[in-house]
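In this note's numbering, the protein residues as written are 497 to 646. Right, one structure below, let's go through it.
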Amino acid sequence: MVKTLDARTSQGSNGQNMVTPSFTNGVPLLFAQVGLQVNNPGTWIRTFFSGVVELTANQLPVNGDLVIEVYRGLGASQQLVYRAGTIVLSNPFFSPCVFSFTGSDFNIPAPSNGQLVYSVYATFTYNPIYDVTNVRLGPESFNATVYSDD
């Protein structure tokens, strides 16, 4: 039998206002972090997660690239468990770009401190001859649920 251990949401923006700080070209930006309580887990621990990021590139004359990375632990030096990307089109007809993602992390070792942390980074890369601001529109959120066997 499967039991739910914990579920958390990290919401940086509900999409009502511009999000700051803006992206720096090619620099990973921490946009979400959750700490899941994993007390008395069963033998197999697994996490299912999803998220959304919205941004615009309509100030750019060329397309940009958005990459999302999910790490197990505090910071980007920990275990990478998920990576996905998309092209952000500069054409105002196709902007803003809403990027949703879903992933999972299986066979997780039980954390000794009882807390399983996920850190989520977004990297927006574009031609460095251009400078843009106010590209983070929101919503930005990350949801994670951790399960185990009884």
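All C-beta atoms in this analysis are idealised placements derived from N, C-alpha and C, irrespective of residue type, glycine included. The structure displayed is predicted, hence computed values, not measured ones.
- In the three-state reduction of the DSSP assignment, PHE519 falls in the coil class, being assigned neither a helical nor a strand state.
- Distance between ALA640 and ASN536, taken at the CA atoms: about 18 Å.
- Counting only residues of its own chain and dropping the five nearest sequence neighbours on each side, SER600 has a CB closer than 6 Å to the CB of PHE544.
- Counting along the chain, the unbroken beta strand (DSSP E) around PHE638 starts and ends at 632-645.
- The region 548-628 is shown to contain whole beta strand (DSSP E) runs of 3 or more residues at 560-568, 575-584, 593-604 and 611-621, in chain order.
- When the Cα atoms are used, THR619 and VAL566 turn out to be separated by approximately 12 Å.
- Put simply, the backbone Cα of SER573 is about 29 Å away from that of ALA553.
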